[in-house]
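Quick note on the numbering used here: the sequence shown kicks off at 28 and runs consecutively.
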Amino acid sequence: MMDKSCYHCGEDVPENTNYCVTILDASRAMCCPGCESVAQTIVDSGLSSYYQYRTEKAERVDLVPEQLQSLIHYDNEHVQAEFVRNKQHISEVTLSLEGVSCAACAWLIEKQMNARQGVVQIRVNTATHRALLAWDTTQTKLSELLNVIHKLGYKAAPFEADKQEESYYRAMKQYLYKLGIAGLATMQVMMLAVALYLEVFGHLEPEFKHYFRVVSLIFATPVLLYSALPFYTNAWRSLKARTLGMDVPVSIALIFAYVASLIATFTQSGEVFFESISMFTFFLLLGRFLEMRARRKAAAASANLLKLVPAMATLEDGKQIPVKTLNIGDNVRVLAGEHVPADGTVLDKEVYVDESMLTGESLHVKKNAGDNVYAGTINGEQTFTLQVACTKQESMIANIVRLQDEAQTTKPKIAEIADVVARYFVAVILIIAACTYFYWQQNQPQDAFWIMLAVLVATCPCALSLATPTAITCSTSRMGELGILLRKAHAIETLCKVNHVIVDKTGTLTEGKVCLAKTDTFATWTTPQVLAMAARLESHANHPIAAAFRPYLDESTTAEAIENHIGLGLSGVINGLQCKIGSHAFVCDSTVLAQPHTVYLSIDGTLAAAFTYRDPMRHSSQDFIASLKQLGISTTLLTGDNHINAKPVAQQLAIDTLVSGVTPEGKLNYLHSLPQSNITLMIGDGINDAPTLAGAHLSVAMGGGTDVAKSSADMVLLGDRLDKLIEARTLAIKTRKIIRENLAWSLGYNLLILPLAVCGLVAPYIAVVGMSASSIIVVTNSLRLLNKNGKSIHSDPHSNPTGRHRRGRVSMGS
C-alpha cells in the first residue's frame with residue numbers, strides 16, 4: 028500500500044496520478060513527474076541510502092523544462108478531444124517532435140517507447156519531425172508517454188500546424204545564432220592560423236606564437252561550447268540509450284581536437300588546430316541548416332492543408348464562434364468566397380465548391396441540397412447554409428493529413444535496411460578510426476591524430492540515413508497534390524511493378540451516380556407501392572444502386588429481418604410481406620436471361636417489379652484503360668454485376684478480360700488463380716470489393732466508396748479521375764529512381780572517401796565539406812520529386828518489369 032503523501036517531498040499526491048519509484052524494496056508514491064524523475068535518478072545512482080538516513084523531506088521538484096509540469100493537462104478528456112482519435116480503449120495522436128535530427132534519433136525514440144507498457148505503436152518521421160503514437164488508455168496515460176520522450180532529451184506535443192511552424196522558426200533562429208558565432212570565429216581564427224603556419228610576418232617570436240594560440244583558443248571555445256551543442260546533445264542521447272548515432276563520431280572528433288589543441292597551447296609544444304574546430308562546426312551547422320530548410324519544404328504540404336480550415340465560423344444568427352467548438356448538427360452560414368469551416372451537408376440551394384485542395388481538379392463541383400461538402404474547400408459565388416456532420420478531428424482534411432503521416436512514418440523495407448546499415452556503419456567507422464590512429468602513431472605520429480579525425484568526420488553516414496525518408500516524404504506530398512492518399516508504405520515501391528490492373532465496374536469505371544430510368548410493375552402492384560418497398564429494402568445497403576431508391580423512401584413502410592446477401596441482393600419482411608430485391612436469379616430462383624441494367628423485386632415469391640437504371644461511364648475511364656494498354660499492362664473487369672450489364676462496358680473500353688457475376692469470395696478466388704508473375708493492382712469502391720482489395724499486391728479505393736473498402740485499400744483516390752493513377756505510377760517510378768540515386772551516392776561517397784581518409788589524403792576541413800555536401804545533395808535530389816514537370820513514363824524502358832514474384836508485398840530491392 029503506497030503512502031498518500033509524496034515519498035520524496037512530502038506533499039499530497041493528486042488523485043488519478045500514478046507516479047511511483049521503487050525505493051528500499053518498496054513502491055513509493057510520487058506527486059509529480061519531477062519528483063519521480065529525481066528519485067529514480069537517486070536510485071539508479073546507487074544512493075538509495077539517502078532516503079534511509081535523511082532527517083527531513085526534500086523540497087518539491089520543479090521540472091526543467093517547465094513544460095513537463097503541464098503534460099498532465101493532456102490527460103483531460105476535453106483537451107484530448109481536439110487532437111486524439113479514439114477506437115474503443117486504443118487512442119492515437121500525431122505528435123510534433125523537437126530535437127530529432129537523423130534516423131538514429133527516430134530509432135532511439137521508437138525503441139524506448141515500444142518498450143513502455145501500454146504503447147501499441149509509435150512511428151517517427153525524421154523528415155517532418157512528427158510521430159504517430161497509439162497507446163492503450165487502460166494501461167498508461169498520454170502525459171506519462173510524453174514524459175518518456177522528454178526524458179530522452181526531445182520535446183513532444185500534440186501536432187498543431189501553427190505551433191509546429193513556430194517551433195520550426197524558433198529552431199531556425201537558434202541555428203542561425205550558432206551558425207553566426209561559428210562563422211565569425213572561423214574568420215578570426217583563420218587569420219591567426221595564416222600568421223601561425225605561413226609566418227606571413229616573417230620569423231615569429233615564441234611569445235607571439237603563444238599569444239596567437241591563446242587568442243585562437245578564446246575564439247574557438249564559444250564555438251565548441253555553444254555552436255556545437257546540438258551535436259553533443261544528440262551524441263549523448265545515443266550513448267545514454269546504448270546506441271551509436273550519427274553525431275557520436277562528430278562529437279568525438281570535435282572534443283578530441285579541442286583537448287589536444289588546449290594541451291598544446293598551455294604546454295607550448297605541438298600543433299593547434301582551433302581553426303579546424305571552428306570550420307568543422309561551421310560547415311556541419313551550415314549543412315544541418317540547409318537540410319532543415321529542405322525537409323521543411325517537403326513536409327509543409329500536409330501541414331498547410333490544416334491551415335485552410337478557418338479559425339472562426341458564422342452561425343445562422345450571425346454570431347461567430349471558434350470552429351473547434353462546433354457541434355454535430357449545428358447550422359453554419361458559409362459566405363461566397365469563404366473556406367468551408369467543417370464537413371457537413373448543404374441545406375438550402377444549389378452551390379458550386381472549389382475542391383482542388385482535395386482532388387487536384389480546378390473546376391468547381393456542383394453541390395445540391397443534401398450533398399456533402401468538406402472543411403477547407405472554397406465556396407463559390409452563392410452563400411449557403413451548412414449543417415455540421417462531424418468534428419474537426421474527424422473531418423476529411425484531418426483524415427488526409429493523418430493518412431499522409433501514416434504513409435510517411437511507415438518505413439519501406441529498403442528504408443529499414445538503410446537505417447540498420449547506418450547504425451552499424453557508425454560502429455565500424457569508430458573501429459576503423461581507432462585502427463587508423465594506432466597505425467599512423469607508429470609510422471607518422473605527428474599526423475596520426477588529425478588523420479583519425481578526418482576518418483571520423485568524412486565518413487559520417489548522415490546522407491545514408493536521409494536517402495529514403497526524404498524521397499518518401501516528397502513523393503507522398505506530391506501524391507496528395509494529385510488527390511491520392513497513401514495508406515501503406517509499400518504502395519510506392521509496388522506501384523512501380525504493377526503489370527495487371529483489375530477494376531470493379533459500378534462506382535469505379537462508371538460514375539456510380541445511378542438513377543432509375545424505368546419501372547415496370549407486374550400483377551396488381553402499383554409503381555408507388557413497389558418503389559416504397561424497394562426503397563425500404565435498399566436503405567439497408569450502401570451500394571451505388573441503392574442510392575437511386577432513396578428519393579422514394581416512405582417512413583410509413585415498416586421493415587423486419589433485413590438481410591444483405593452480398594453480391595446478390597437483399598431480403599426482408601416489408602409491411603408483413605416477404606420481399607427480395609436484386610438479380611433475377613436471386614429474386615425469382617430462376618436461370619431465365621435477365622435484361623441489362625435491371626434489378627428485380629419479388630413479393631411473397633412472385634415477381635412484382637423490374638427497375639431499369641442508368642449509370643454513366645466516367646470520362647476518365649477510356650483514357651485510363653488506353654494508357655494501361657500503351658504501358659503493356661493487362662486489364663480485367665471483375666464485377667458482381669451480371670454478364671449482360673458488364674459486357675457492353677468491357678467492349679466499349681476494350682478491356683482484356685471480363686469476369687462477371689462473381690461473389691466477393693469468387694473475386695478473391697480469381698485473384699489467387701492468377702500466375703505468380705502477375706503483380707496486381709485492384710481498384711474498387713464497395714463492400715464486396717474489400718476482400719479483393721486486401722488480397723491484391725496493391726489496392727486503390729475510390730474516395731466516394733464505402734469505409735470498409737477504404738480501410739482495406741493501400742491507396743485512396745479522392746476524386747473520380749482514374750487517369751491520376753497513371754501520373755501516380757510515373758511519380759512512383761521516379762521516386763524509386765531517386766532513392767536508388769541517393770543510396771548510390773551516399774554509399775559510393777563513403778566507400779570512396781574512407782580509404783582516402785585512412786591513407787591521410789583527406790584534410791580535416793575537406794572531410795567536413797564532403798560530409799555536409801553529401802547530405803545536402805541527397806536532400807536536394809529528393810526535392811526534385813516536388814517538381815510537377817516530371818518525365819513521361821513512356822520513356823522509361825524499365826516501367827514494366829516482369830519476372831516471378833511471390834504473392835504479397837513486393838520490396839523495391841527485389
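Note that CB positions come from ideal geometry on N, CA and C, so glycine has one too.
Task: Nearest-angstrom Cβ-Cβ length linking residue 765 and residue 814, presumed shorter than 8 Å - done: The residue labelled residue 765 in the question sits at position 738 within the sequence shown. The residue labelled residue 814 in the question sits at position 787 within the sequence shown. About 11 Å separates the two Cβ atoms, so there is no contact after all.
Task: Residue closest to residue 503, alpha-carbon to alpha-carbon, out of 488, 520, 491, 257 - done: Mapped onto the sequence shown, residue 503 falls at position 476. Of 488, 520, 491, 257, the residue nearest in Cα terms is 520.
TODO: Would you kindly check if the distance between the Cβ of residue 247 and the Cβ of residue 204 is under 9 Å?
DONE: Taking the first residue of the sequence shown as 1, we reach residue 204 at position 177. Taking the first residue of the sequence shown as 1, we reach residue 247 at position 220. Contact flag unset, no.
Task: Own chain residues within Cβ distance below 8 Å of residue 845, not counting five before or after - done: In this structure the chain extends from 28 to 841, so residue 845 is not present and cannot be described.
Task: Neighbourhood of residue 527 by C-beta, 6 Å cutoff - its chain only, sequence neighbours within 5 removed - done: Residue 527 sits at position 500 when you count from the first residue of the sequence shown. Excluding sequence neighbours, residue 527 sits near 661, 705, 707.
Open item on the list: According to DSSP, simplified to helix, strand and coil, what is residue 530?
Closed with: Position 503 of the sequence shown, counted from the first residue, corresponds to residue 530. If DSSP states are grouped into helix, strand and coil, residue 530 belongs with the strands.
TODO: Measure the alpha-carbon distance for residue 287 versus residue 477 and round it to whole angstroms.
DONE: In the sequence shown, counting from the first residue as 1, residue 287 sits at position 260. In the sequence shown, counting from the first residue as 1, residue 477 sits at position 450. If you take the alpha carbons of residue 287 and residue 477, they lie about 10 Å apart.
Open item on the list: Using the three-state DSSP reduction, which class does residue 419 fall into: helix, strand or coil?
Closed with: As a working note, residue 419 is residue 392 in the sequence shown. Here residue 419 sits in helix by DSSP.
Task: Buried versus exposed, by CB contacts within 10 Å (16 or more), residue 273 - done: Within the sequence shown, the letter at position 246 stands for residue 273. By the neighbour-count rule (16 or more Cβ atoms within 10 Å), residue 273 is buried.
TODO: Could you check if residue 517 is buried or exposed, using at least 16 other CB atoms within 10 Å of its CB as the buried criterion?
DONE: Taking the first residue of the sequence shown as position 1, residue 517 is located at position 490. Per the 10 Å Cβ criterion, buried.
Task: Residue nearest to residue 461 in terms of C-alpha spacing, selected from 276, 351, 605 - done: Position 434 of the sequence shown, counting from 1, holds the residue named residue 461. Nearest option by C-alpha distance: 276.
TODO: State the DSSP-derived secondary structure class of residue 93, mapped to helix, strand or coil.
DONE: If you number the sequence shown from 1, residue 93 lands on position 66. Note on residue 93: pLDDT 47, under 50, position unreliable in the model; the coordinate value appears next. The answer is helix: DSSP assigns residue 93 an H, G or I state.
TODO: Return the CA-CA distance between residue 292 and residue 806, expressed in angstroms with no decimal places.
DONE: The residue given as residue 292 occupies position 265 in the sequence shown. The residue given as residue 806 occupies position 779 in the sequence shown. Distance between the alpha carbons of residue 292 and residue 806: 40 Å.
Task: Nearest-angstrom Cβ-Cβ length linking residue 399 and residue 361, presumed shorter than 8 Å - done: Sequence index remark: in the sequence shown, residue 399 carries index 372 (1-based). Sequence index remark: in the sequence shown, residue 361 carries index 334 (1-based). Contact doesn't hold; Cβ gap of about 13 Å is too wide.
- [ ] Tell me, to the nearest whole angstrom, how far the beta carbon of residue 380 is from that of residue 418; I am working on the premise that it is less than 8 Å.
- [x] Taking the sequence shown and counting its residues from 1, one reaches residue 380 at position 353. Taking the sequence shown and counting its residues from 1, one reaches residue 418 at position 391. That pair is no contact at about 20 Å.
Open item on the list: Taking 8 Å as the cut-off, does the segment 769-778 touch the segment 746-758 (at least 3 CB pairs, one atom from each stretch)?
Closed with: no
Task: For residue 35, three-class secondary structure by DSSP - done: Numbered from its first residue, the sequence shown carries residue 35 at position 8. Correct three-state label for residue 35: coil.
Open item on the list: Quick check on residue 401: does DSSP put it in helix, strand or coil?
Closed with: Numbered from 1 along the sequence shown, position 374 holds the residue referred to as residue 401. Note: residue 401 maps to coil in three-state DSSP.
Open item on the list: Please state the DSSP three-state secondary structure of residue 165.
Closed with: Here residue 165 corresponds to residue number 138 of the sequence shown, with the count starting at 1. DSSP places residue 165 in coil when its eight states are reduced to three.
- [ ] Measure from the C-beta of residue 752 to each C-beta in chain C and report whether the shortest distance is under 9 Å.
- [x] Of the protein chains in this structure there is only one, and it is not chain C.
- [ ] Grab the span of the alpha helix (DSSP H) containing residue 775 for me, first residue to last.
- [x] For the purposes of this step, residue 775 is taken as residue 748 along the sequence shown, with counting starting at 1. Unbroken alpha helix (DSSP H) run through residue 775: 751-785.
Task: Inter-residue CB distance, residue 558 and residue 597 (contact presumed, cutoff 8 Å) - done: Locating residue 558 in the sequence shown gives position 531, where the first residue counts as 1. Locating residue 597 in the sequence shown gives position 570, where the first residue counts as 1. Going by Cβ atoms, the distance from residue 558 to residue 597 rounds to 15 Å, so no, they are not a contact pair.
- [ ] For residue 234, name the three-state secondary structure that DSSP assigns.
- [x] The residue given as residue 234 occupies position 207 in the sequence shown. Helix.
Open item on the list: Given this structure, state the Cα-to-Cα distance separating residue 269 from residue 159, to the nearest angstrom.
Closed with: Reading the sequence shown from its first residue, position 242 is the one you call residue 269. Reading the sequence shown from its first residue, position 132 is the one you call residue 159. Taking the straight line from one Cα to the other gives about 24 Å.
Open item on the list: Output needed for residue 413: all residues of its chain with C-beta closer than 6 Å, excluding positions within five of it in sequence on either side, in chain order.
Closed with: For this step, residue 413 is matched to residue 386 along the sequence shown. 359, 361, 371.
Open item on the list: Just to confirm the assignment, what range does the alpha helix (DSSP H) spanning residue 563 have?
Closed with: Working through the sequence shown from its first residue, we reach residue 563 at position 536. Residue 563 -> alpha helix (DSSP H) spans 554-565.
Open item on the list: For the alpha helix (DSSP H) containing residue 264, name the first residue and the last one.
Closed with: Within the sequence shown, the letter at position 237 stands for residue 264. Looking at the DSSP string, the run of the alpha helix (DSSP H) that includes residue 264 is 256-267.
Open item on the list: Assuming residue 595 and residue 583 are in contact, meaning their beta carbons sit under 8 Å apart, how far apart are those beta carbons, in whole angstroms?
Closed with: Position 568 of the sequence shown holds residue 595. Position 556 of the sequence shown holds residue 583. The Cβ separation is near 28 Å, so there is no contact.
TODO: Can you give me the start and stop residues for the alpha helix (DSSP H) that residue 680 sits inside?
DONE: Here residue 680 corresponds to residue number 653 of the sequence shown, with the count starting at 1. Per DSSP, residue 680 belongs to the alpha helix (DSSP H) from 670-680.
Task: Beta-bridge partners of residue 691, as assigned by DSSP - done: Numbered from its first residue, the sequence shown carries residue 691 at position 664. Partner(s): none; residue 691 has no beta bridge.
- [ ] Report the partner residues of residue 278 according to the DSSP bridge assignment.
- [x] Counted from its first residue, the sequence shown places residue 278 at position 251. Beta-bridge pairing links residue 278 to no other residue.
Open item on the list: I need the DSSP call for residue 611, collapsed to helix, strand or coil.
Closed with: To locate residue 611, count along the sequence shown from 1; it is residue 584. The answer is helix: DSSP assigns residue 611 an H, G or I state.
- [ ] Give the DSSP bridge partners of residue 394, in chain order.
- [x] Against the sequence shown, residue 394 aligns to sequence position 367. According to DSSP, which records beta bridges pairwise, residue 394 is partnered with 378.
- [ ] Compare the beta carbon distance of residue 746 and residue 530 with 9 Å and say whether it is the shorter of the two.
- [x] Position 719 of the sequence shown holds residue 746. Position 503 of the sequence shown holds residue 530. In this structure, residue 530 does not lie closer than 9 Å to residue 746 by Cβ.
Task: Beta-carbon proximity of residue 485 to residue 794, cut-off 9 Å - done: Here residue 485 is taken as the residue at index 458 of the sequence shown, counted from 1. Here residue 794 is taken as the residue at index 767 of the sequence shown, counted from 1. Against a cut-off of 9 Å, the Cβ pair of residue 794 and residue 485 comes out as a contact.
- [ ] Starting from the Cα of residue 762, find the closest Cα among 789, 811, 720, 722 and give me that residue.
- [x] Your numbering for residue 762 matches position 735 in the sequence shown. Ranking 789, 811, 720, 722 by Cα distance to residue 762 puts 811 first.
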